[in-house]
Every structure is written in C-alpha cells, then in structure tokens.
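Following my numbering, the numbering of the sequence shown begins with 1 at its first residue and continues without gaps. A virtual CB, placed ideally from N, CA and C, is assigned to each residue, including glycine.
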Amino acid sequence: MKKIFVDTNIIVDLIADRKPFSKFAIDLFNKAESKQIKLFASSHSIATTYYVLKKFVSEKGLRETLYSLCDLITIVAMDDTALKKGLLSKHKDFEDALQIICASSIDKLDCIVTRNIKDFKDSGVPVLSPDELYKN
Numbered sequence: 001m002k003k004i005f006v007d008t009n010i011i012v013d014l015i016a017d018r019k020p021f022s023k024f025a026i027d028l029f030n031k032a033e034s035k036q037i038k039l040f041a042s043s044h045s046i047a048t049t050y051y052v053l054k055k056f057v058s059e060k061g062l063r064e065t066l067y068s069l070c071d072l073i074t075i076v077a078m079d080d081t082a083l084k085k086g087l088l089s090k091h092k093d094f095e096d097a098l099q100i101i102c103a104s105s106i107d108k109l110d111c112i113v114t115r116n117i118k119d120f121k122d123s124g125v126p127v128l129s130p131d132e133l134y135k136n
C-alpha cells in the first residue's frame, strides 16, 4: 500500500472545495477511505487548516470535518525535536521545513503530495503535485 504525506494545501483544497484542485484531493481521500493508500499529515497541518478556513467555514462544521479527516489520516505529531530541526533547517520556508521533517520520519514513505513543489525540492523524499500523483 502506498504511503503518502499530504501537505496542508491538499487538505485545504478538499475542505474548501477549491476548484480545480479539489478533484485531486477528493480522489486522494476517497482512495484512503477505501484503504487503497495510507495518508499521513502533520499535526501542524490540521492546526493550519483550521486557522486558514475558520473565516470561511462554520466553527462547528470545520471542527467536525477535521475530526472526521483524522480517521483517514495518520497524524504525525509535531514535537520540540521537529521544531528545532525546522528552525535549523536550510529550507527557506519554515512551515515547509516542518512538513518535510514530519514526512521524513515516516518509514518507507512513497511521496509528499503538494501544490508547492518548488519548496519541497530538497526534501530527500519524492515530491509530486496532485495531478502527477493522479496520473500514477
């Protein structure tokens, strides 16, 4: 079974139904629901998704949706070691550094899926855009 780490933007695409990107996110989460793939995300992604969408989605609905998604995603906890590694990282974007560190902690991870490929190029893990993953 493929192990896929999803970046925050994929989760936001799904919940906010950001077209045309949401079709890939929907497919990804449908495959996770049917146990065709295993999804991972950082705890930071859940918090960031909440922060980004709380102005656009009802509080109760957003919390319920994120809670339900936690059944489809294995959450990789952000701890002090990961934060310190992120702060010392050479990656330009701190948040992306945190994502890379969390993804790198997953044994036999197949890829990171993000719409922000340029900031993940030196991650040490294969990085695919949603449409590239969809083609595979």
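- Asp-122 sits exposed, since fewer than 16 C-beta atoms from the chains shown fall within 10 Å of its C-beta.
- Excluding its 5 nearest sequence neighbours in each direction, Ala-16 has C-beta neighbours in its own chain below 7 angstroms: Leu-53, Phe-56, listed in chain order.
- Two segments are said to touch when three or more pairs of C-beta atoms, one from each, lie closer than 8 angstroms; by this definition the segment 94–108 touches the segment 24–42.
- Scanning Asp-71, Ser-129, Leu-88, Leu-62 for the CA closest to the CA of Ala-47 turns up Leu-62.
- In the structure shown, Lys-3 falls within a strand segment according to DSSP collapsed to helix, strand and coil.
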